[in-house]
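J.:
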Amino acid sequence: MAFGKGNHLHLIDGSAFIFRAYHALPPLTRKSDGMPVGAVAGFCNLLWSELTATRKETAPTHLAVIFDAGSITFRNAIYDQYKANRPELPEDLRPQFIYTRKATTAFNVACIEQDGYEADDIIATFARRAREAGGTVTIISSDKDLMQLVGDGVDMLDPMKNKRLGVDEVIEKFGVKPNRVVDVQALAGDSVDNVPGAPGIGIKTAALLIEEYGDLETLLARAGEIKQPKRREALVDNAELIRISKRLVQLDDDMPLDVSLDALEVKPVEAEPVMAFLHEMEFTTLTKRVSERLKVAAPVAAAVNVPEAEDAPQAEQLPFDVAGYEKIDTMAALDRWIARITEVGHVAVDTETTSLNEMLAELVGISLCVDAGQAAYIPLGHKQGGGDLFGSSELVAGQLPLDDVLAALKPVLEDAAILKIGQNMKYDWKIFARYGVEIAPLDDTMLMSSAMQAGLNGHGMDALSEKYLGHTCIPIKSLLGSGKAQITFDRVGIDDAVKYAAEDADVTLRLWQLFKPQLHRARVTTVYETLERPLVPVLARMEMAGVQVDRDTLSRMSNAFAQKMAGLEAEIQEVAGVPFNVGSPKQLGEILFDKLALPGGEKGKTGAYATGADVLEDLATEHKLPGLVLDWRQLSKLKSTYTDALQDHINPDTGRVHTSYSITGAVTGRLASTDPNLQNIPIRSEEGRRIREAFVAPKGKVLVSLDYSQIELRILAHVAEIPSLQQAFKDGIDIHALTASEMFNVPLAEMTSDIRRRAKAINFGVIYGISGFGLARNLRIPRAEAQGFIDRYFERFPGIKEYMSDTVAFAQKNGFVQTLFGRKIHTPEINAKGPGAGFAKRAAINAPIQGTAADVIRRAMIRMPAAIADLPAKMLLQVHDELLFEVEEAAVEALIKVAKDVMEGASHPAVHLKVPLTVEAGVGATWAAAH
DNA sequence: GCTCTCACG
DNA sequence: GACGTACGTGAGAGCA
1 MAFGKGNHLH LIDGSAFIFR AYHALPPLTR KSDGMPVGAV AGFCNLLWSE LTATRKETAP
61 THLAVIFDAG SITFRNAIYD QYKANRPELP EDLRPQFIYT RKATTAFNVA CIEQDGYEAD
121 DIIATFARRA REAGGTVTII SSDKDLMQLV GDGVDMLDPM KNKRLGVDEV IEKFGVKPNR
181 VVDVQALAGD SVDNVPGAPG IGIKTAALLI EEYGDLETLL ARAGEIKQPK RREALVDNAE
241 LIRISKRLVQ LDDDMPLDVS LDALEVKPVE AEPVMAFLHE MEFTTLTKRV SERLKVAAPV
301 AAAVNVPEAE DAPQAEQLPF DVAGYEKIDT MAALDRWIAR ITEVGHVAVD TETTSLNEML
361 AELVGISLCV DAGQAAYIPL GHKQGGGDLF GSSELVAGQL PLDDVLAALK PVLEDAAILK
421 IGQNMKYDWK IFARYGVEIA PLDDTMLMSS AMQAGLNGHG MDALSEKYLG HTCIPIKSLL
481 GSGKAQITFD RVGIDDAVKY AAEDADVTLR LWQLFKPQLH RARVTTVYET LERPLVPVLA
541 RMEMAGVQVD RDTLSRMSNA FAQKMAGLEA EIQEVAGVPF NVGSPKQLGE ILFDKLALPG
601 GEKGKTGAYA TGADVLEDLA TEHKLPGLVL DWRQLSKLKS TYTDALQDHI NPDTGRVHTS
661 YSITGAVTGR LASTDPNLQN IPIRSEEGRR IREAFVAPKG KVLVSLDYSQ IELRILAHVA
721 EIPSLQQAFK DGIDIHALTA SEMFNVPLAE MTSDIRRRAK AINFGVIYGI SGFGLARNLR
781 IPRAEAQGFI DRYFERFPGI KEYMSDTVAF AQKNGFVQTL FGRKIHTPEI NAKGPGAGFA
841 KRAAINAPIQ GTAADVIRRA MIRMPAAIAD LPAKMLLQVH DELLFEVEEA AVEALIKVAK
901 DVMEGASHPA VHLKVPLTVE AGVGATWAAA H
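Here the first sequence stands for residues 1 to 931, where the numbers follow the UniProt record's numbering.
(1) Mind checking E330: buried by the 16 CB within 10 Å criterion, or exposed?
(2) How would you label Q548, buried or exposed, when you count the other beta carbons within 10 angstroms and need 16 or more for buried?
(3) Can you tell me whether M255 is helix, strand or coil according to DSSP?
(4) Check for me: the beta strand (DSSP E) holding V349 runs from which residue to which?
(5) In chain order, what residues of the same chain have a beta carbon less than 7 Å from the beta carbon of G836, not counting five sequence neighbours either side?
(6) With a Cβ-Cβ cutoff of 9 Å, do L28 and A41 count as a contact?
(7) Straight-line CA distance for V217 to E132?
(8) Around the Cβ of P916, are there at least 16 other Cβ atoms within 10 angstroms (buried) or fewer (exposed)?
(9) On the CB-based measure, 16 or more other CB atoms within 10 Å of its CB, does E602 come out buried or exposed?
(10) Give the single residue among I650, A239, A613, H623 whose Cα lies nearest to the Cα of R633.
(11) Between the C-alpha atoms of L286 and F97, what's the straight-line distance to the nearest angstrom?
(12) List the whole-angstrom C-beta distance separating V629 from V578, where the pair is believed to meet the contact cut-off of C-beta under 8 Å.
(13) Name the two residues that bound the continuous beta strand (DSSP E) containing F174.
(14) Buried or exposed: G470, going by 16 or more other Cβ atoms within 10 Å of its Cβ?
(15) Please classify residue 946: is it buried, with 16 or more other beta-carbons within 10 angstroms of its beta-carbon, or exposed?
(16) Would you say R758 and A776 are within 9 Å of each other, going by their C-beta atoms?
(17) Tell whether a beta-carbon distance below 9 Å holds between I857 and D881.
(18) Note down, in chain order, each residue of its chain lying with its Cβ closer than 7 Å to the Cβ of V266, except the 5 sequence neighbours on either side.
(19) In the DSSP assignment, the beta strand (DSSP E) including Y325 goes from what residue to what residue?
(20) Give me the residue from K833, D855, L738 with the minimum Cα distance to F797.
(21) Less than 7 Å between C-beta atoms, sequence neighbours within five positions excluded: which residues of the same chain meet that for L46?
(22) If the criterion is Cβ atoms closer than 9 Å, does the pair A207 and V184 meet it?
(23) If I follow the unbroken beta strand (DSSP E) through K824, where does it start and stop?
(24) Consult DSSP for L89 and reduce its assignment to one of helix, strand or coil.
(25) Among H23, L165, G822, which residue has its Cα nearest to the Cα of T526?
(26) Return the first residue and the last residue of the alpha helix (DSSP H) that A837 is part of.
(27) Between which two residues does the beta strand (DSSP E) holding residue 965 run?
(28) I need the DSSP call for Y609, collapsed to helix, strand or coil.
(29) Closest to D901 by C-alpha separation, out of M875, L876, M864, would be which residue?
(30) G604 to R842, Cα distance in whole Å?
(31) Please go through the same chain and pick out, in chain order, the residues whose beta-carbon is closer than 6 Å to the beta-carbon of A69, but skip the five residues on each side of it.
(32) Hey, would you say G688 sits closer than 9 Å to L725, going by beta carbons?
(33) Reducing DSSP to helix, strand and coil, say where K227 ends up.
(34) Within its chain, find whatever has a CB closer than 6 Å to the CB of G765; leave out the 5 residues flanking it on each side and keep chain order.
(35) Just the Cα atoms here: how many angstroms apart are Q314 and F515?
(36) Out of E785, A840, K227, which one is the CA nearest neighbour of S805?
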C-alpha cells in the first residue's frame with residue numbers, strides 16, 4: 001500500500017543521536033579489542049527506546065534514521081567558511097560512525113544518507129513528500145535548524161525530554177512562525193555553524209524586525225527606514241552576507257533522493273541480525289533487554305581475549321623466511337607486483353641508497369611488500385667491486401633500468417588510492433622527490449610508534465622489530481662493514497641486498513599491520529594524523545630547500561678565531577707555567593686544582609675535576625687562568641662547531657646547507673635538527689651571534705624570521721589557569737616585570753632590572769619543574785633564599801602549584817602526561833625510587849608545556865605551505881618557536897601578514913587558549929639582521 | 001664508545 | 001638525614 005493519508009512518518013536525526021550519546025556516556029570500549037563503542041551503545045539504546053516507545057497516538061507507520069554523509073555539502077560552495085569553526089571530531093568518535101549505520105540496519109530500520117547534503121535536507125525532503133501524499137510527520141530531534149519545517153502536519157519530538165515541539169514552541173524559540181524562522185536565522189547568524197548573519201543582531205532583534213516588515217526581502221529592501229542607526233547600518237552594509245546566510249540555513253526540501261516513502265515502512269525487528277550485531281559489539285545489557293523482548297535466547301558471550309598490555313601487544317607471528325623474498329629483474333615481474341599493490345591498496349616501500357644524506361644519496365634499489373612474509377627487492381644501481389679499492393663504475397648486469405622502473409612505479413607512488421607505508425618516510429620521500437616522484441598518501445611506522453610510545457622506547461626499525469615482532473633484523477654492518485673499510489650499498493652483492501632490503505619492507509609492513517589498530521586504542525589517531533604524518537612532506541621540502549650560507553664569511557671568521565686562539569693559548573701556557581692541552585678538561589682540572597691548588601675542586605663520578613663554565617666563572621675571581629680558558633673555550637666552540645663544520649655542510653650542488661629534522665628526536669614533540677644542527681646557531685653572545693651573518697638570502701630576496709613571543713609561559717598561564725598572568729598577556733604587559741611586581745610588591749613603575757631578572761629566572765624555573773637548589777644555583781643565591789622566592793611565588797599564583805601536583809599525580813596514575821592537543825609523553829620513571837623520580841617529576845611538569853608549544857608550531861608549519869603557496873616565499877628553518885623564511889623583497893609584507901596569521905591562529909580550532917599567541921617579525925639580508 | 005663541555009629554545 | 005636536581009636537544013674533542 002502506498003504512503004498516504006493516515007500514515008505517519010518518523011524521521012530520526014541520526015547525527016544528533018550520535019553526538020548526544022557520545023557526550024552523555026563515559027568513553028566505553030569494547031572489551032576484546034579496546035575499540036571505542038560508547039556512542040554506538042548510546043545510539044542503540046536511544047534507537048531501541050524509540051522502537052519500543054508507547055506513544056500510541058503518534059506511533060509511526062514509516063520510519064527512517066537520517067545521517068550526515070560527510071562534512072562537505074552544497075553549502076560550502078555558497079560560503080567557504082560554512083562550519084569552518086567546528087572543532088575537530090573527537091578521535092574516538094569518528095570510527096564509531098560506521099557502526100551506527102550498521103546498528104540502524106541491524107534493527108531493521110531504513111538508514112539514509114546522501115553525499116553533498118546534510119541530514120536536515122533529507123529530512124526536509126521526506127517531510128514535504130509525506131505531507132504532499134497526505135500523511136503526517138514527526139521529526140525526532142531538538143535541532144533548531146529543523147524548526148523551520150514545523151507546522152501543518154509536521155511536528156518535532158525532543159527524544160531526551162520526550163517533549164513535543166509544535167508551532168507554539170517554535171514561536172517561543174524564534175519569536176516568529178516556522179515559515180519565517182529562516183529569515184530570523186539569516187539575520188541572527190549562527191556562531192556554531194559559522195553562519196555570518198548581520199553583526200550585532202541576535203534572535204530577539206531579528207524577530208522584531210521580521211514581525212515589523214513581514215519577511216526578509218521586504219526588510220532588506222526597506223532597511224533604510226530603520227530608525228536605530230546601528231541596526232540600519234548592519235542591514236544595509238551586510239545585505240549580501242545576510243542573503244548568503246539565508247541560503248545556508250534554508251533547508252533543501254527538494255533534493256534528489258531516490259528512496260521512496262514506501263521503502264520506509266516500519267518492519268518488525270528480526271532477531272538474528274540484531275542479536276548478531278549487539279553480540280559483536282559486546283553490549284551485554286542491551287543484548288539481554290532485546291532478547292527478552294523478542295523472546296529469543298541471548299547468544300552466549302564468548303570468552304573474550306583481552307590483550308595483556310594496552311600499549312604493547314604481541315602480534316601473532318608468521319616466521320620470517322628469506323624464501324619469501326624475491327628479486328625483481330623483469331618488467332613482467334614488476335607489473336605483477338604493481339597489479340597486486342593496486343588490488344590491495346597499500347604497499348610498504350623502502351629505498352636503498354649510497355648515503356644517509358638524502359641530498360647526496362643515489363638510489364641503489366627499491367623494496368616492496370604487500371603481504372607479510374612476501375617482499376621483493378628491485379636492484380637498480382648495484383656496481384661491481386668490493387675487493388677492489390676503487391670498485392668499478394659499471395653496473396652489475398641483470399638489473400632493470402632505473403628510468404623504466406621509476407616510470408612504472410610513479411603512478412603507484414603518487415596514486416591517491418594507494419597508501420605507501422614506510423619506516424621514516426621522510427628519507428624515502430626525499431630520495432624519490434629527487435627522482436621526480438612525490439609520494440602520497442603515506443603512513444609511517446616510526447611516527448606511529450612515536451605517537452603511541454614517546455618516552456618508552458626508541459622508534460628505529462631494528463628496535464621496533466625486536467620489541468614487537470621478536471625478530472632481529474640483519475644488521476646493516478654485516479653488509480657494509482664499518483670504519484675505514486666500510487662500503488656503500490651499491491657495492492653490496494645483489495643476493496645479500498635482496499635478503500636485507502626485502503626484510504626491511506617486510507618488517508615495516510608487519511609493524512604497520514600491528515600499529516594501525518593500536519593507534520585508536522591508545523587514543524592517538526588525531527595526534528598521528530594531524531601532528532606527525534603531515535609533517536613529512538613539509539619538512540622534506542624545507543630540508544631540500546636548504547638555507548644559503550656564505551662560505552667566505554665563515555672562512556674569514558675561522559681565520560680570525562684561529563689567530564685569537566693562538567694568542568690566548570700562549571698566554572694560558574705562560575700563566576699555567578707548563579704546556580698542556582687547553583682543550584682537555586682532565587689536564588686543565590689537574591692544573592687548576594692540583595698544581596695551582598685553587599679552591600673548590602670537585603671530582604665527578606669518573607674521578608675527573610669538573611671544569612664547566614660555572615666552575616671557571618667562580619674561579620675567575622681567584623686567578624687569571626680560568627677567565628682565559630673561558631675565552632679560549634668560547635672561540636674553540638665557535639670555530640670547530642660552527643665556522644669550520646658548517647663549511648663542510650655546504651652542498652656542492654646547491655651551495656646551500658640542508659639540515660635534517662628528526663620528527664621523533666625529542667620525546668616532547670619538539671623537532672631536533674642534525675647534520676648540521678641548525679637549531680643551536682649562536683645568538684646569546686655578541687661574538688657568536690655574528691655567525692648568523694653567514695646565513696644569507698640570495699640576491700633580490702631577504703630572510704624573514706617569525707617567532708612566538710613567550711609561548712611556553714603563555715601556555716603555562718593557560719593550563720595552570722592563572723587569571724592575572726592571562727590578563728597580563730591579553731594586555732601585552734611585560735610578564736617578567738609583572739611577576740616581579742606581584743612577588744616583591746614593587747610597583748611596575750619602580751621595577752629594577754635586577755628584580756625583573758630574578759622573576760624571569762623563577763618564571764623559567766617553573767616551566768622546568770622548579771627546585772630550590774636549581775634556582776639557587778641559577779641565581780647564585782643561598783638555597784634558603786631561593787626556596788623563599790619559590791614559596792612566595794606559589795602563594796601569589798596558587799594555580800601553578802596545583803598544576804604541578806596535578807600533573808605529577810596524573811603521571812603517577814597513568815604513566816604518561818599529555819599536551820593540550822592529546823600528544824602523549826610517557827614517564828616510566830615517575831614511580832621509581834631514588835633520584836630518578838625527581839627527574840621524572842620535573843620532566844612530567846615540563847612536558848605538557850614544552851610539548852604543547854611544539855604542537856602549536858607543528859600545526860602552523862603544516863598549514864603554512866598552502867597559506868603561502870601564492871607568494872614567492874619558502875619556509876626554510878624551524879628553531880622551536882621560530883620559523884625562518886626566504887622571500888622576494890617585494891613580497892615581504894604579504895608574507896609576514898599571512899604567516900603571522902597562521903602562526904598566531906595555529907591552535908584553532910582544536911584548542912582555544914585563554915591567552916593570545918603573538919608573533920614577532922624580523923627582516924634582513926642575513927639571519928643576524930632578521931632578528 | 002663514553003664523558004665532558006657548550007651551543008640553542 | 002643524605003642523596004643530587006632546574007626542561008628539551010646535538011656536536012666536537014679528549015680519552016680509554
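Where is the CB? At the ideal position from N, CA and C, for every residue including glycine. This one's a predicted model, so the numbers in the text were calculated from it and none came from an experiment.
T.: On the basis of the supplied data:
(1) Note that residue 330 corresponds to Thr in the displayed sequence, not to Glu. The residue is exposed, with fewer than 16 neighbouring Cβ atoms inside 10 Å.
(2) That one is buried.
(3) Coil at M255, not helix or strand.
(4) Its beta strand (DSSP E) spans residues 346–353.
(5) Answer for G836: E829, listed in chain order.
(6) The Cβ atoms of L28 and A41 lie closer than 9 Å to each other.
(7) Just to set this straight, residue 217 is Glu in the shown sequence, not Val. Spanning the two alpha carbons is a distance of roughly 27 Å.
(8) In summary, P916 is exposed, with fewer than 16 beta-carbon neighbours lying within 10 Å of its beta-carbon over all protein chains present.
(9) Here E602 is exposed: its Cβ has fewer than 16 other Cβ atoms, across all protein chains shown, within 10 Å.
(10) Comparing Cα-Cα distances from R633 to each of I650, A239, A613, H623, the minimum goes to A613.
(11) Between L286 and F97, the alpha-carbon positions lie close to 19 Å from each other.
(12) About 14 Å separates the two Cβ atoms, so there is no contact after all.
(13) That residue, F174, is in no beta strand (DSSP E); its alpha helix (DSSP H) goes 167–174.
(14) Exposed, because fewer than 16 other Cβ atoms sit within 10 Å of the Cβ of G470.
(15) Because the chain here runs from 1 to 931, residue 946 falls outside it and cannot be looked at.
(16) No.
(17) Result yes, Cβ atoms of I857 and D881 sit closer than 9 Å.
(18) P60, T61, H62, L63.
(19) Start and end: 325–327.
(20) That would be L738, whose Cα lies nearest to the Cα of F797.
(21) Around L46: F17, A21, P159.
(22) With a cutoff of 9 Å on beta-carbon distance, A207 and V184 are scored as near each other.
(23) Start and end: 824–826.
(24) L89 falls in the coil class under three-state DSSP.
(25) Comparing Cα positions, the closest option is G822.
(26) Per DSSP, A837 belongs to the alpha helix (DSSP H) from 835–867.
(27) Coverage of the chain is limited to positions 1 through 931, which leaves residue 965 absent and any answer about it impossible.
(28) It is a strand residue.
(29) The alpha carbon of D901 has as its nearest neighbour, out of M875, L876, M864, the alpha carbon of M864.
(30) Taking the straight line joining both Cα atoms gives about 23 Å.
(31) In the same chain as A69, and ignoring 5 residues on each side of it, the C-beta atoms closer than 6 Å to its own belong to E113, Q114, D115, in chain order.
(32) For G688 and L725, no; Cβs fall outside 9 Å.
(33) Coil at K227, not helix or strand.
(34) Excluding residues within five positions, the ones whose Cβ falls inside 6 Å are L775.
(35) Because the pLDDT of Q314 is 44, which lies under 50, any placement of that residue in the model is unreliable, and the question is left without a value.
(36) Minimum Cα distance to S805 is reached at A840.
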